[in-house]
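Novice: Protein chains in written order, with this note's numbering: chain A, 2 to 314; chain B, 18 to 449; chain C, 30 to 200. Glycine included, C-beta positions come from ideal geometry on N, C-alpha and C. It should be emphasised that the depicted structure is a prediction, and the values quoted were computed from it without experimental measurement. After the structure tokens below, expect a handful of questions from me.
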Ligand code: NA
Ligand code: NA
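Shown next, in the form of structure tokens:
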């Protein structure tokens, strides 16, 4: 048996101690500690403690941060944009299947991470994103005209917002609250309701569940750290990660519904577009954004996506 | 405590005259040796930290300051303030204080206020019977209104390193800034109300009003700038960085075509000086971000918090310790170092005893007022002496008077009476 | 020594000739680009994506080259403590030389760190999200900036050293 002691730095891109992702990584740390008889100590840093999104991802690739739960940055490898292709999966079953073990999307992602010298434990699904706004809301292209929402500057999320009729403005996560408060933007986009409820609930009034993206984090480890561990320790961490991810797959949907209820209770109007409105948005977005994505991802990858994408009902 | 060792090393290096920027490089090197981390790979932290849109407000606000100075806006502002408060015996001193406050609403640094208000006012004040050492000391303290009244480079730095909202931190120091104006005017009145003034003027009420009208009209383009900056930020039109850029774009045509004191050469000069000033700050920041990252990874702030909480159990005692600590460090460190390195270290302690991070912004801001004027590292006081052409030793006396009876009380009131700092941020909804 | 000094002064003039116009242009360009961003968002209602990438690229170069301007003028923020404690010129100049040498050593460290950042950037080939500008374009600023800092510190070391020699000759 191994006797090596390891201290592993794990960073969360978003979520604090009490968030669902915070609790998941605490569970991971406890499992690993128990199964290694205290030899492996996972040191957790919550959102913002070790810097912004891009910086932390760099630190992960360089090996200063050993593990991370993150929305992958596309700056190293544009193929990671597959994680953000809009209206790819349309319902919970499809989405979870795509990301599950040996699901088609998981396999594509694992390959890309491997090329970046990152070890991919698996996805951490959160749910479908929506559009949270103040003052006005939209469930179709025409109504969205003139509504200015914050967008993550990750391809193709801003392009998706534009295709849906909104104006997209890039704002760093740490500045979103102020931006909504002062009216620089009318709201936030592409996040699951948890974040908009947790951070902006005193600002926003509407949450339109457009479901244009399926938000899924990735649990990653720096390749160097991974190789430094012996087989036994790799297994300890992998098994614990598997347990955490499996639990999340079971919990994700209920978790999302819990926050929808909480948001409603807090007076946020929760709006689901009608099937006809959804179809119109899906059509627009697939027509406009997918060809752009093809330029970046290549025809081969995009054909794979098209073959697997869900069809609107 | 490796962190304390590293900070002690920085202080020592600064004392023998190593520039702040290289002292900070040495600090990160020492930290990397103590904690066995690789700085090369942490450079990416430094890189991403300065690669920030929020920090971009720094060079832009410094540029605005230089453009205002060479574009003739400062002189117009002084003229308005003087026509309003300047004619009584203690009026010239009060004018200087208020002019620094008004100028502070445009400029982001104290040094811009020292240079421009000082150049315009020191001569006239001497004619009105103010001793030069007194004037220089007053200028040294009043110029710090440049960082208490927003926009403020110091508050931008604080907001960035502690991840707070810039707009909220701007609001936090307004109360303390106004209190400092009142205290300085009062002390000045106490000292100067009976002094001999050979050129004292006695204008009739109508003359005075006419004077105020003409001067205000002339200063209008300059007075518009704070409205644009603050109105824009709090009215939701733009971010502090964008406000800073607009201020630059506004100040150039006003200086060129309205006041006609700016020319191409002066614009270039302003850009070069602003770049030199902020360039150095950015490299200091780059290293302090790397150092802070090492502190965080090694959980130094938590250790410090636990230590302080174990030693002292009373909130007010801890606040007092922090106050003393900030004043002592302020003597030997410059304002950028204090804000960049010390405030993130102490913030967890503050949060732990229930002090809002935005309130702590104001505490740090008011401590910097003292620090910038207390030797040996007293950049603003030195600058003020240069502009006033008096020796530093002569200025220390009157300077101590203003520190003990104005700057220090302002810091204490800000620390122990939270509403002074928090009223405005709360009113604008930045905190609950 | 004087040959070396005149070589340094020629190099300095060349650097200055290149750096100054760049700094002025970059400052104005940043102010205009940021203002344009506000205008197009607030007035034209067409927010532009990607300009901030150009702005930040100009900004990091502005910072690094700006810092070299300060180095050139020896106007780095520093304390005057020794001059307060001692009136002995030899002591004052001696400490100044010591401080300069320490600065030089630190600047050389900075060069190696910045070089490591740059070569990592070149190896990984990251690029910005919207305009796909390679990140090593901005990361390179640290390397160039630190090299220029070393250059000016070599000049200062020679200067301080000759000052100290002169002080010893005169007495
Ligand atoms: Na100010
Ligand atoms: Na000081």
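Which of the three DSSP states, helix, strand or coil, is assigned to residue 209(A)?
Specialist: Of the three classes helix, strand and coil, the one that applies to residue 209(A) here is strand, per DSSP.
Novice: What's the call for residue 421(B), buried or exposed, on a 16-neighbour Cβ count within 10 Å?
Specialist: Exposed, because fewer than 16 other Cβ atoms sit within 10 Å of the Cβ of residue 421(B).
Novice: Cα separation between residue 158(C) and residue 75(A)?
Specialist: Taking the straight line from one Cα to the other gives about 7 Å.
Novice: Can you tell me whether DSSP reads residue 267(A) as helix, strand or coil?
Specialist: Reduced to three states, the DSSP call for residue 267(A) is coil.
Novice: Between which two residues does the beta strand (DSSP E) holding residue 301(A) run?
Specialist: Element bounds for residue 301(A): not the beta strand (DSSP E) but the alpha helix (DSSP H), 300 to 309.
Novice: Residue 184(C) to residue 95(B), Cα distance in whole Å?
Specialist: Spanning the two alpha carbons is a distance of roughly 43 Å.
Novice: One question on the structure: do residue 357(B) and residue 79(B) come within less than 8 Å of each other, judged by their Cβ atoms?
Specialist: No; because the gap between Cβ atoms is not below 8 Å, this pair is not in contact.
Novice: Note down, in chain order, all residues in the stretch 27 to 61 of chain B with a beta-carbon under 7 Å from any beta-carbon belonging to chain C.
Specialist: The stretch 27 to 61 of chain B vs chain C, Cβ under 7 Å: 30, 31, 32, 33, 34, 35, 36, 37, 38, 39, 42, 43, 46, 56, 57, 60 and 61.
Novice: For my contact list, residue 375(B) and residue 318(B) are in at a C-beta cut-off of 8 Å; report their separation, rounded to the angstrom.
Specialist: That belief does not hold up - the Cβ atoms of residue 375(B) and residue 318(B) are roughly 18 Å apart, past 8 Å.
Novice: Is any non-hydrogen atom of ligand 2 found closer than 7 Å to the C-beta of residue 389(B), if you look at the structure I gave you?
Specialist: True, at least one ligand heavy atom lies under 7 Å from that Cβ.
Novice: Rounded to the nearest angstrom, what separates residue 95(A) and residue 131(A) at their Cα positions?
Specialist: Taking the straight line joining both Cα atoms gives about 18 Å.
Novice: Does ligand 2 have a heavy atom nearer than 7 Å to the CB of residue 222(A)?
Specialist: It does not: the Cβ of residue 222(A) is nowhere closer than 7 Å to a heavy atom of ligand 2.
Novice: Could you tell me which of 156(A), 186(A), 182(A) and 158(A) sits nearest to residue 149(A), measuring between CA atoms?
Specialist: When only C-alpha atoms are compared, the closest one is 186(A).
Novice: Determine the closest residue to residue 285(B) out of 50(B), 66(B) and 88(B), with distance taken between C-alpha atoms.
Specialist: The option with the nearest alpha carbon to residue 285(B) is 88(B).
Novice: Counting only Cβ-Cβ distances shorter than 8 Å, please list the residues of the stretch 126 to 159 of chain A near chain C, keeping chain order.
Specialist: Going along the stretch 126 to 159 of chain A in chain order, one finds 147, 149, 154, 155, 156 and 159 with a Cβ nearer than 8 Å to chain C.
Novice: When the Cβ atoms of the stretch 234 to 253 of chain A are set against those of the stretch 262 to 270 of chain A, are three or more pairs found closer than 8 Å?
Specialist: The answer is no - the stretch 262 to 270 of chain A does not touch the stretch 234 to 253 of chain A, with fewer than three Cβ pairs under 8 Å.
Novice: Give me the chain C residues within the contact set of residue 255(B), using Cβ-Cβ distance strictly less than 8 Å, ordered along the chain.
Specialist: Within chain C, the residues near residue 255(B) are 67 and 71.
Novice: Please go through the same chain and pick out, in chain order, the residues whose beta-carbon is closer than 8 Å to the beta-carbon of residue 78(A), but skip the five residues on each side of it.
Specialist: Here the set comprises 113, 116 and 117.
Novice: List the endpoints of the continuous beta strand (DSSP E) containing residue 270(B).
Specialist: Counting along the chain, residue 270(B) falls outside any beta strand (DSSP E), though it belongs to the alpha helix (DSSP H) covering 257 to 270.
Novice: Below 8 Å on the Cβ atoms is my contact criterion, and I expect residue 155(B) with residue 386(B) to pass it. Report the Cβ-Cβ distance as a whole number of Å.
Specialist: So it is not a contact: roughly 13 Å between Cβ atoms.
Novice: Flag residue 395(B) as yes when its Cβ comes closer than 7 Å to any non-hydrogen atom of ligand 2, and as no otherwise.
Specialist: Checking every heavy atom of ligand 2 against the Cβ of residue 395(B), one is found closer than 7 Å.
Novice: Starting from residue 35(A) and walking both ways along the alpha helix (DSSP H), at which residues does that stretch end?
Specialist: 21 to 36 is the span of the alpha helix (DSSP H), which, as asked, contains residue 35(A).
Novice: Do you know offhand how far residue 160(A)'s Cα is from residue 290(A)'s?
Specialist: Straight-line Cα distance between these residues: approximately 7 Å.
Novice: DSSP on residue 126(A), reduced to helix/strand/coil?
Specialist: Here residue 126(A) sits in strand by DSSP.
Novice: Is the CB of residue 59(A) under 8 Å away from at least one CB in chain B?
Specialist: It does: the Cβ of residue 59(A) has a partner Cβ on chain B nearer than 8 Å.
Novice: So with CB distances below 9 Å, who are the chain C contacts of residue 27(A)?
Specialist: Here the premise fails: no neighbours, minimum Cβ distance about 31 Å.
Novice: For ligand 2, is there any heavy atom lying closer than 7 Å to the beta carbon of residue 163(B)?
Specialist: Checking the Cβ of residue 163(B) against ligand 2 gives no.
Novice: Between which two residues does the beta strand (DSSP E) harbouring residue 70(A) extend?
Specialist: From DSSP, the beta strand (DSSP E) with residue 70(A) extends over 68 to 71.
Novice: Please list the residues of the stretch 178 to 190 of chain B that have a C-beta atom closer than 7 Å to any C-beta atom in chain A, keeping them in chain order.
Specialist: The residues in question are 180, 182 and 184.
Novice: For a minimum of 4 consecutive residues, which ranges assigned as the alpha helix (DSSP H) are wholly contained in the stretch 186 to 235 of chain A?
Specialist: Correct list: 194 to 201 and 224 to 229.
Novice: Just how far apart, CA to CA, sit residue 392(B) and residue 349(B)?
Specialist: Cα-Cα distance, rounded: 7 Å.
Novice: Against residue 169(A), what residues of chain C qualify as contacts under a CB-to-CB distance less than 8 Å, listed in chain order?
Specialist: The contacting residues are 76 and 78.
Novice: Note down, in chain order, every chain A residue with its Cβ under 9 Å from the Cβ of residue 159(C).
Specialist: Going along chain A in sequence order, the residues near residue 159(C) (Cβ under 9 Å) are 154, 156, 159 and 171.
Novice: At a CB-CB cut-off below 7 Å, which residues of chain A make contact with residue 446(B)?
Specialist: What residue 446(B) touches in chain A: 182.
Novice: Between the Cα of residue 173(B) and the Cα atoms of 282(B), 75(B), 372(B) and 190(B), which residue gives the shortest distance?
Specialist: Among 282(B), 75(B), 372(B) and 190(B), the Cα nearest to that of residue 173(B) is on 75(B).
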